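Trainee:
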Amino acid sequence: MKVLVIGGGAREHAIAWKLNSSPHVTELYTAPGNAGTAQLGTNLDISATDVQGLVDAVKQHDVKLTIVGPETSLDAGVVDQFRAEGLAIAGPTQAAARIETSKAFAKDLMQKYGIPTGKADLFTNYEDAVRYVNQNPGPLVVKADGLTGGKGVTVCQTQDEGLQALREAMEEQVFGSSGEHVLIEEFLTGQEISVFTFTDGVHLSPLVAACDYKRIRDGEQGPNTGGMGSYSPPRVWDDALAEQVMTEIMAPTIKALVAEGCPFQGVLYGGIILTPEGPKVIEFNARWGDPETQTVLPRLETDLVDAYLATINGTIDQSTIEWSEDASVGVVMVSAGYPGDYETGFPIDGLDAIDEGVSVFHAGTRAQERAPTTSGGRVLTVSAMGASLEQARERAYNNVARIAFKGAQYRKDIAK
862 MKVLVIGGGA REHAIAWKLN SSPHVTELYT APGNAGTAQL GTNLDISATD VQGLVDAVKQ
922 HDVKLTIVGP ETSLDAGVVD QFRAEGLAIA GPTQAAARIE TSKAFAKDLM QKYGIPTGKA
982 DLFTNYEDAV RYVNQNPGPL VVKADGLTGG KGVTVCQTQD EGLQALREAM EEQVFGSSGE
1042 HVLIEEFLTG QEISVFTFTD GVHLSPLVAA CDYKRIRDGE QGPNTGGMGS YSPPRVWDDA
1102 LAEQVMTEIM APTIKALVAE GCPFQGVLYG GIILTPEGPK VIEFNARWGD PETQTVLPRL
1162 ETDLVDAYLA TINGTIDQST IEWSEDASVG VVMVSAGYPG DYETGFPIDG LDAIDEGVSV
1222 FHAGTRAQER APTTSGGRVL TVSAMGASLE QARERAYNNV ARIAFKGAQY RKDIAK
């Protein structure tokens, strides 16, 4: 079959890379794609949120299966439109995707159905939010309600930090309309893990987990980014924890969405914190995470097309979805200045010197005749597998060192 992947980041390159190994796939398209996806198939110059353009392209190219990468496409209602046209697409509807696109919806759902999470209050008025912070000096967490590209959560250790976060979100609107409403949550302590499952809206596949790094600098210092690296599996992950997260969080959430009239089909991502009281939800995402996808999908031993078709056809319970016992580590290389202002257009050297079995997933790249050039803040993810996290980490960093572009930055402590 011909398959389309919607999106243009390293997550979508990783999805396309995995799909490319499937015997089901005869031709692969990515919209809009990047320099990496261009090596696997055909890039289509269509925005990930141009729903009608995507529908038209699928019909024109006789695509039989579409995979949604980014949350912005889900929020634009691409799944709803495809289904209305009778086109096969893997991902949740716009209503089900509110589990990610509205933090207020997600928090209300969890509180209503008893899914463990932190206490929170929603504010639509700036003065009311300021008054709350003045009365509850922290530590606390300020979250913009809508989509923010992974940058709308601020952990505030002091009252001043809380007031600054409110000012940026609600007054200065650094997150646009997503910051018009904010959640102020209690600060939870513990290790954070990312947990993923394929689901058809009723049944869930065995969970797979990873850890990611949001801060720009080593030691979790500096501003939040869209992600600087990840590894899988977490050192704390075992069968007992997987069973607890499944029975207390992931399965009840899928059941709750059915009860709310918006069943969820696709990949559900739970951002979990392991508190002294047990696992609690920090947030949900309605798709694969980035950069976790770049370390999780190399561990998938099941055909990715089969897994996605099972989410569409309601046959997850009849599917065998298996993960390698090997570990995987991914290091993100970014442009100088990211997550603030940065320059692009610099040639990327060393991509032809990568070890066999190590994957370089493109994000902010543009294909050029001599070599790809940088075109975004996050540029590449270098992912490697090994019998242990230490072995995978060494392989990843050995290959990161061979890649160069002007101003390249990366954290040195991923999976350390």
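FYI, the numbering for the sequence shown is 862 to 1277, going by the working numbering. We put the beta carbon where it would ideally sit given N, CA and C, even for glycine. Since we're looking at a predicted model, the values are computed, not measured.
1) Compute the Euclidean distance between the alpha carbons of residue 947 and residue 1203, then round it to the nearest angstrom.
2) Could you say which of 1239, 1207, 1258 lies nearest to residue 1189 if we only look at CA atoms?
3) So residue 951 and residue 976 are in contact, right, with Cβ under 8 Å, and what is the actual spacing, rounded?
4) In terms of residue numbering, what span does the beta strand (DSSP E) encompassing residue 1089 cover?
5) Measure the Cβ-Cβ separation of residue 1147 and residue 935 and say whether it is below 7 Å.
6) Curious, which full-length alpha helix (DSSP H) runs of at least 4 residues does the region 1007-1043 contain?
7) Under a Cβ-count criterion, where at least 16 other Cβ atoms within 10 Å of its own Cβ denotes burial, should residue 978 be classed as buried or exposed?
8) Taking buried to mean at least 16 other C-beta atoms within 10 Å of its own C-beta, is residue 1256 buried or exposed?
9) Go to residue 1125, then tell me how far its alpha helix (DSSP H) extends in each direction, as first and last residue.
10) Helix, strand or coil for residue 923? Go by DSSP, reduced to three states.
11) What is the rounded straight-line gap between the Cα of residue 1268 and the Cα of residue 1252?
12) Flag this pair as yes or no: are the beta carbons of residue 1058 and residue 1161 separated by less than 7 Å?
13) Helix, strand or coil: which one does DSSP assign to residue 1207?
14) For the beta strand (DSSP E) containing residue 982, list its first residue and its last residue.
15) Entirely within the region 935-980 and at least 4 residues each: give me those alpha helix (DSSP H) ranges in chain order.
16) Between which two residues does the beta strand (DSSP E) holding residue 1146 run?
17) Measuring alpha carbon to alpha carbon, tell me which residue in 985, 1131, 1036, 1155 is nearest residue 1144.
18) What did DSSP end up calling residue 1116 once you bin it into helix, strand or coil?
19) Hey, residue 1004 and residue 1014: beta-carbon distance below 7 Å or not?
20) Below 8 Å on the Cβ atoms is my guess for residue 871 versus residue 1073; work out the distance and round it to an integer in Å.
21) Residue 883 and residue 1166: beta carbons closer than 7 Å?
22) Which value, in whole angstroms, describes the spacing of the CA atoms of residue 1061 and residue 922?
23) Specify, as a first and last residue, the run of the alpha helix (DSSP H) that residue 874 falls within.
24) Roughly how many whole angstroms lie between the Cα atoms of residue 1238 and residue 886?
25) Would DSSP call residue 1068 helix, strand or coil?
26) In this structure, what does DSSP give as the bridge partners for residue 1212?
27) On the three-state DSSP scale, how would you describe residue 1191?
28) First and last residue of the alpha helix (DSSP H) that includes residue 1155?
29) Quick one: give me the first and last residue of the alpha helix (DSSP H) that residue 996 is part of.
30) In the DSSP assignment, find the alpha helix (DSSP H) that holds residue 1254 and state where it starts and stops.
31) Between residue 1009 and the rest of its own chain, which residues show a CB-CB distance below 8 Å, the 5 nearest in sequence each way excluded?
32) What is the C-beta distance between residue 902 and residue 891, in whole angstroms, given that I count them as a contact (C-beta under 8 Å)?
Mentor: Result, derived from the coordinates:
1) As a first step, residue 947 must be located in the sequence shown, where it is residue number 86. As a first step, residue 1203 must be located in the sequence shown, where it is residue number 342. Each residue's Cα considered, the two are about 42 Å apart.
2) Translated into the one-based positions of the sequence shown, residue 1189 becomes position 328. Among 1239, 1207, 1258, the Cα nearest to that of residue 1189 belongs to 1258.
3) Taking the first residue of the sequence shown as 1, we reach residue 951 at position 90. Taking the first residue of the sequence shown as 1, we reach residue 976 at position 115. In fact, because the Cβ distance is near 24 Å, the residues do not count as touching under 8 Å.
4) As a position in the sequence shown, residue 1089 is number 228, starting the count at 1. Looking at the DSSP string, the run of the beta strand (DSSP E) that includes residue 1089 is 1082-1093.
5) Within the sequence shown, the letter at position 286 stands for residue 1147. Within the sequence shown, the letter at position 74 stands for residue 935. It is a contact, given that the beta carbons lie within the stated cut-off.
6) Taking only runs of at least 4 residues, the alpha helix (DSSP H) segments lying wholly in the region 1007-1043 are 1020-1027.
7) Sequence index remark: in the sequence shown, residue 978 carries index 117 (1-based). Counting Cβ neighbours within 10 Å, residue 978 comes out buried, since at least 16 surround it.
8) One-based indexing of the sequence shown puts residue 1256 at position 395. Buried, because 16 or more other Cβ atoms sit within 10 Å of the Cβ of residue 1256.
9) Within the sequence shown, numbered from 1, the residue matching residue 1125 stands at position 264. Neither: residue 1125 is in no alpha helix (DSSP H) and is coded neither H nor E.
10) As a working mapping, residue 923 is identified with position 62 in the sequence shown. Coil, per DSSP.
11) Along the sequence shown, one-based indexing puts residue 1268 at 407. Along the sequence shown, one-based indexing puts residue 1252 at 391. The straight-line gap from Cα to Cα measures roughly 27 Å.
12) Here residue 1058 corresponds to residue number 197 of the sequence shown, with the count starting at 1. Here residue 1161 corresponds to residue number 300 of the sequence shown, with the count starting at 1. Cβ atoms of residue 1058 and residue 1161: not closer than 7 Å.
13) Within the sequence shown, residue 1207 is the residue found at index 346, counting from 1. In the three-state reduction of the DSSP assignment, residue 1207 falls in the coil class.
14) Translated into positions along the sequence shown, residue 982 becomes position 121. Residue 982 -> beta strand (DSSP E) spans 981-984.
15) Counting whole runs of 4 or more residues, the region 935-980 contains the alpha helix (DSSP H) stretches 939-945, 959-962, 964-974.
16) If you number the sequence shown from 1, residue 1146 lands on position 285. Here the beta strand (DSSP E) through residue 1146 covers 1139-1146.
17) The residue given as residue 1144 occupies position 283 in the sequence shown. Of the candidates 985, 1131, 1036, 1155, the residue whose Cα lies closest to the Cα of residue 1144 is 1131.
18) Here residue 1116 refers to the residue found at position 255 of the sequence shown. Residue 1116 falls in the helix class under three-state DSSP.
19) Here residue 1004 refers to the residue found at position 143 of the sequence shown. Here residue 1014 refers to the residue found at position 153 of the sequence shown. In contact: residue 1004 and residue 1014 (Cβ atoms closer than 7 Å).
20) Position 10 of the sequence shown holds residue 871. Position 212 of the sequence shown holds residue 1073. Actually they are not in contact, since the Cβ atoms of residue 871 and residue 1073 sit about 12 Å apart, beyond 8 Å.
21) Walking along the sequence shown from the start, residue 883 turns up at place 22. Walking along the sequence shown from the start, residue 1166 turns up at place 305. It is a contact, given that the beta carbons lie within the stated cut-off.
22) Position 200 of the sequence shown, counted from the first residue, corresponds to residue 1061. Position 61 of the sequence shown, counted from the first residue, corresponds to residue 922. If you take the alpha carbons of residue 1061 and residue 922, they lie about 27 Å apart.
23) Within the sequence shown, residue 874 is the residue found at index 13, counting from 1. Where residue 874 is concerned, the enclosing alpha helix (DSSP H) stretches over 871-880.
24) Walking along the sequence shown from the start, residue 1238 turns up at place 377. Walking along the sequence shown from the start, residue 886 turns up at place 25. Whole-angstrom Cα-Cα distance: 31 Å.
25) Position 207 of the sequence shown, counted from the first residue, corresponds to residue 1068. Correct three-state label for residue 1068: coil.
26) Position 351 of the sequence shown holds residue 1212. Its beta-bridge partners do not exist; DSSP assigns none.
27) The residue you call residue 1191 lines up with position 330 of the sequence shown. Looking at residue 1191 - three-state DSSP - the assignment turns out to be strand.
28) Position 294 of the sequence shown, counted from the first residue, corresponds to residue 1155. First-last of the alpha helix (DSSP H) with residue 1155: 1154-1157.
29) On the sequence shown, residue 996 is found 135 positions in, with the first residue counted as 1. Element bounds for residue 996: 987-996.
30) Mapped onto the sequence shown, residue 1254 falls at position 393. Taken as a continuous stretch (DSSP letters only), the alpha helix (DSSP H) holding residue 1254 covers 1250-1261.
31) Here residue 1009 is taken as the residue at index 148 of the sequence shown, counted from 1. Result list for residue 1009: 1036, 1039, 1040, in chain order.
32) Sequence index remark: in the sequence shown, residue 902 carries index 41 (1-based). Sequence index remark: in the sequence shown, residue 891 carries index 30 (1-based). Sure, about 6 Å apart at Cβ, within 8 Å.
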